[in-house]
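Participant:
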Amino acid sequence: TPDIFIPLAEKTGIIQVIGKWVVQQACAAAVTWPAPTGVSVNVSGDQFKDPNFVTHILDCLVETGLSPERLTIEVTEAVFSVDIDLVCRSLAELRSSGVRIALDDFGTGFSSINNLRLFPLDELKIDRSFANQMLETSQGAKLVDLMHKLSETFQIRTTIEGIETKKQLDFIKRLGIGEAQGFLFSRPFAAADALSYLQARLAQRAAPVG
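Position 142 of the sequence shown, counted from 1, bears residue number 1073 in my numbering, the numbering being contiguous throughout.
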């Protein structure tokens, strides 16, 4: 699993090689999908230590022909333990080039309101653990609402992870959260199957009602 694999890759020092390969493969796949469908790539804190980190990502966009706004770089709150100035500069450079930036698994790390202000973010992704809690306790529901309002304050789009039931989806809609991901929408599948999946979804949306 990623929780085991990524720390091991960081410890052995091969995360840089793997990270570059993932970005290249993701961009190459996404450019074949119907626009404006994009792709998100998770990046670890250690990858920011590579002086060519930003250059490699921008080169991949040029080489594959993928529009920058169709690529989202996702970081977790763990990046705050790295050189914050370095991370901020790297993310700002990517964002100024059109790449979108998302803070993943929000609420599980050691982020702060000040970090939300400092980091150049387009999207805040609430961790899946809160999707389970929000229907179980009033405190869980209030926490999700609070994180959404915090995101709105900084004009950042809110996405909540781990949505698996219609009841959860209806609840976040009432809160005003317009973006979600989880098994309710799709199970994970291979990149090779993405194009046919997207084409089927587009055809379904285009089909006349009734």
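Ideal Cβ positions, reconstructed from N, Cα and C, are used throughout, including at glycine.
All figures in this text were calculated on a predicted structure; none of them were measured in a lab.
1) Taking only the alpha-carbon atoms, compute the straight-line gap between Phe984 and Leu992 and give it to the nearest angstrom.
2) Are the region 994-1012 and the region 973-980 in contact at 8 Å, needing three or more beta carbon pairs?
3) I'd like to confirm the pairing. Which residues does DSSP put opposite Phe1037 in its beta bridges?
4) How about Ile1057 and Thr1084: are their beta carbons less than 9 Å apart?
5) Grab the span of the beta strand (DSSP E) containing Ile1004 for me, first residue to last.
6) Look at the alpha carbon of Leu1055 and the alpha carbon of Ser1082, and state the distance between them as a whole number of angstroms.
7) For the candidate residues Pro938, Asn1046, Gly1113 and Leu1052, whose alpha-carbon lies nearest to that of Asn1063?
8) May I ask which residues mark the beginning and end of the beta strand (DSSP E) holding Ser971?
9) Find the nearest neighbour of Ile1094 within the set Val1030, Leu1017, Phe1116 and Arg1105, judged by alpha-carbon distance.
10) Let me know the secondary structure DSSP gives Ile988 once reduced to three states.
11) Return the chain-ordered list of same chain residues with a C-beta closer than 8 Å to the C-beta of Arg1048, the five sequence neighbours on each side being excluded.
Facilitator: Reading it off the structure:
1) 13 Å
2) yes
3) Ile1057
4) no
5) Leu1002 to Thr1007
6) 7 Å
7) Gly1113
8) Val970 to Asn973
9) Phe1116
10) helix
11) Phe1085
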